[in-house]
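Quick mapping for you: the protein sequence lines, in order, are chains A and B. For the first sequence, counting from 1, position 39 maps to 39 in this note's numbering; every step adds exactly one. Plus 196 on top of the position in the second sequence (first one is 1) and you've got this note's numbering. Heads up, the beta-carbon is just placed ideally off N, CA and C, and yes, glycines get one too. Report on the structure given below.
There are 2 protein chains.
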Amino acid sequence: MGRHREFDMEKVLDAALCVFWRKGYEGASYADLTEAAGVERPALYSAFGNKEALFRRALDRYSERYLDYLPEALKLPTSRQVAAHILYNAVDLNTRFPNHTGCLGINGAVAGSDETEPVRQALIDFRAAGQAQLHERFERAKAEGDLPETVNTEALAAFVMAMTHGMAVQAKAGFSRDMLNAVADQALSTWPAKSS
Amino acid sequence: MGRHREFDMEKVLDAALCVFWRKGYEGASYADLTEAAGVERPALYSAFGNKEALFRRALDRYSERYLDYLPEALKLPTSRQVAAHILYNAVDLNTRFPNHTGCLGINGAVAGSDETEPVRQALIDFRAAGQAQLHERFERAKAEGDLPETVNTEALAAFVMAMTHGMAVQAKAGFSRDMLNAVADQALSTWPAKSS
DNA sequence: CCAATTTCATAATGATCGTTATTAAACCAC
DNA sequence: GTGGTTTAATAACGATCATTATGAAATTGG
Numbered sequence: 001m002g003r004h005r006e007f008d009m010e011k012v013l014d015a016a017l018c019v020f021w022r023k024g025y026e027g028a029s030y031a032d033l034t035e036a037a038g039v040e041r042p043a044l045y046s047a048f049g050n051k052e053a054l055f056r057r058a059l060d061r062y063s064e065r066y067l068d069y070l071p072e073a074l075k076l077p078t079s080r081q082v083a084a085h086i087l088y089n090a091v092d093l094n095t096r097f098p099n100h101t102g103c104l105g106i107n108g109a110v111a112g113s114d115e116t117e118p119v120r121q122a123l124i125d126f127r128a129a130g131q132a133q134l135h136e137r138f139e140r141a142k143a144e145g146d147l148p149e150t151v152n153t154e155a156l157a158a159f160v161m162a163m164t165h166g167m168a169v170q171a172k173a174g175f176s177r178d179m180l181n182a183v184a185d186q187a188l189s190t191w192p193a194k195s196s
Numbered sequence: 197m198g199r200h201r202e203f204d205m206e207k208v209l210d211a212a213l214c215v216f217w218r219k220g221y222e223g224a225s226y227a228d229l230t231e232a233a234g235v236e237r238p239a240l241y242s243a244f245g246n247k248e249a250l251f252r253r254a255l256d257r258y259s260e261r262y263l264d265y266l267p268e269a270l271k272l273p274t275s276r277q278v279a280a281h282i283l284y285n286a287v288d289l290n291t292r293f294p295n296h297t298g299c300l301g302i303n304g305a306v307a308g309s310d311e312t313e314p315v316r317q318a319l320i321d322f323r324a325a326g327q328a329q330l331h332e333r334f335e336r337a338k339a340e341g342d343l344p345e346t347v348n349t350e351a352l353a354a355f356v357m358a359m360t361h362g363m364a365v366q367a368k369a370g371f372s373r374d375m376l377n378a379v380a381d382q383a384l385s386t387w388p389a390k391s392s
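Shown next, in the form of structure tokens:
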């Protein structure tokens with residue numbers, strides 16, 4: 001019994017996601033969030049809890065809705081294809097929406113006040129999870145002979161992630177899609193080949 | 197005439213720089229700044245102006261005190277040495293101080309509220325200036341035959357900068373110096389050789 | 001030594017922050 | 001329909017934000 005909820009929680013979450021994506025965790029105020037969502041403050045609190053909980057829900061939704069290219073990439077046959085798929089899709093995602101360029105995993109919080117520390121750590125974990133999957137995939141590639149025995153797969157995964165982070169910063173700075181694709185080309189230009 | 201200033205402006209500026217370096221522009225409050233500097237609020241305002249002006253002064257000082265490796269790098273004989281000098285020195289700077297890891301150019305502001313927009317833009321310009329110098333140096337390298345005629349020097353400069361940005365994010369996330377050096381190794385292994 | 005001037009420290013400014021009482025409206029079971 | 005329950009909207013909460021009056025302390029020129 002009781003009154004029915006009048007708003008669509010998914011739409012509200014999408015609106016909040018866009019605000020966080022654009023302004024980051026600390027830069028997004030409840031005034032921004034409620035305006036974007038078209039809902040009053042208490043509705044956000046009753047539906048999602050506090051700001052940190054809302055951000056975590058938005059981050060989850062970000063994974064589900066926009067990062068499907070990551071599991072896709074891991075299924076590709078060669079490590080180079082995996083990396084290329086990730087980098088070019090990251091460029092696409094980082095430049096597709098003029099209202100929120102870059103990546104939530106970076107824009108969300110790189111540095112901030114002590115109060116934002118749990119969110120900053122959540123984003124560190126979020127990025128580390130992607131890197132771990134990539135690392136694992138590269139280990140498999142090494143076992144399959146797709147990568148040389150000498151390669152440092154952990155560093156290689158960190159390198160690919162560093163590229164996505166760096167391009168996300170550049171996308172947020174207004175770099176064009178073409179420019180970022182050229183940067184990705186460069187990153188892939190001499191992928192470690194199985195020498196001998 | 198009049199009373200003398202009792203604090204050292206350079207030391208106060210250094211203290212403010214460390215706070216911004218650690219918490220970013222938006223995450224650094226005057227409570228943080230005054231505590232670190234050991235001076236009261238009105239002293240900061242009378243000496244530097246408002247928060248934005250203080251940040252800009254801190255950014256200038258950051259360039260002078262910590263980014264001397266950039267002009268050093270540009271003087272090196274080959275483009276590969278230039279890039280290597282930049283990347284390894286960036287790793288060193290990003291991991292040298294446990295209290296403020298990463299890079300002010302990134303930690304300062306990637307995303308934020310609308311109020312922080314001028315500072316965000318100043319950091320974009322700051323990073324663009326470094327990239328432009330690098331681009332120019334690579335153009336010279338091409339003219340000297342150090343780089344192939346076919347290379348996209350703008351994308352190459354953007355690639356090196358993307359690496360520094362990405363590694364700065366990772367340094368702020370707690371990556372070790374050794375790990376980041378391995379990432380830099382990887383970035384340089386993709387360096388374009390003058391084929392044939 | 002006095003007057004003018006500058007810096008200092010204390011404390012207050014209005015605004016905005018994230019978070020909730022509070023009350024009216026809408027719904028279901030009975 | 002009526003009572004119990006959930007949501008909606010208004011408005012307020014204390015805390016903190018960046019910024020600044022205010023007045024005492026300190027210094028120099030006359």
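Residue i and residue j closer than 8 Å at C-beta
i	j	result
A184(A)	L87(A)	yes
I234(A)	V306(B)	It is not possible to answer for residue 234(A), since the shown part of chain A is limited to 1 through 196.
A157(A)	T386(B)	no
Q131(A)	M163(A)	no
V119(A)	R177(A)	no
F216(B)	G298(B)	no
H361(B)	H165(A)	yes
L255(B)	A351(B)	no
Cβ-Cβ separation, residue j to residue i (assumed contact under 8 Å), whole Å
i	j	result
C18(A)	A36(A)	6 Å
L263(B)	L250(B)	Actually they do not touch by this definition, with Cβ atoms about 19 Å apart.
G220(B)	G112(A)	6 Å
E222(B)	E26(A)	5 Å
N246(B)	L376(B)	Wrong, their Cβ atoms sit about 35 Å apart, outside the cutoff.
Distance between residue j and residue i (C-alpha atoms, nearest Å)
i	j	result
F138(A)	E149(A)	11 Å
V151(A)	R41(A)	52 Å
P98(A)	D342(B)	38 Å
E140(B)	V278(B)	It is not possible to answer for residue 140(B), since the shown part of chain B is limited to 197 through 392.
E218(B)	Q329(B)	Going by the sequence as given, residue 218(B) is Arg instead of Glu. So the two alpha carbons sit approximately 27 Å from each other.
S79(A)	T349(B)	27 Å
Y265(B)	V208(B)	24 Å
A16(A)	E311(B)	19 Å
K338(B)	N89(A)	30 Å
E248(B)	L76(A)	48 Å
A224(B)	A324(B)	24 Å
S392(B)	R336(B)	Its pLDDT being 42, under 50, S392(B) is placed unreliably by the model, and the measurement read from it follows with that caveat. Taking the straight line joining both Cα atoms gives about 20 Å.
A182(A)	R96(A)	16 Å
L33(A)	F203(B)	43 Å
R253(B)	L300(B)	12 Å
F355(B)	F244(B)	36 Å
S46(A)	F126(A)	26 Å
F175(A)	M167(A)	9 Å
D14(A)	R201(B)	53 Å
H100(A)	E136(A)	31 Å
G38(A)	V235(B)	44 Å
E340(B)	E144(A)	42 Å
E117(A)	E313(B)	22 Å
Proximity test, residue i beta-carbon vs the ligand FMN heavy atom, cut-off 7 Å
i	result
P238(B)	Looking for the ligand FMN in the displayed structure turns up nothing, as the structure carries no ligands at all.
Given 8 Å, three or more beta-carbon pairs between the stretch 171 to 178 of chain A and the stretch 58 to 77 of chain A:
no
Closer than 8 Å, Cβ to Cβ, to anything on chain B: give me those residues from the stretch 152 to 167 of chain A, in chain order.
N152, E154, A155, L156, A158, F159, M161, A162, M163, T164, H165, G166, M167
Just by C-beta distance, which residues in the stretch 83 to 100 of chain A are closer than 7 Å to chain B?
none
Contact residues within the stretch 6 to 24 of chain A, judged by C-beta distance below 7 Å to chain B
R22, K23, G24
Give, in chain order, every residue of the stretch 258 to 280 of chain B whose Cβ lies closer than 8 Å to some Cβ of chain A.
none
With 9 Å as the C-beta to C-beta threshold (strictly closer), list the residues of the stretch 222 to 246 of chain B near chain A in chain order.
E222, G223, A224, S225, D228
Chain-ordered residues of the stretch 106 to 126 of chain A with a beta carbon less than 7 Å from chain B:
I106, N107, V110, A111, G112, S113, T116, I124
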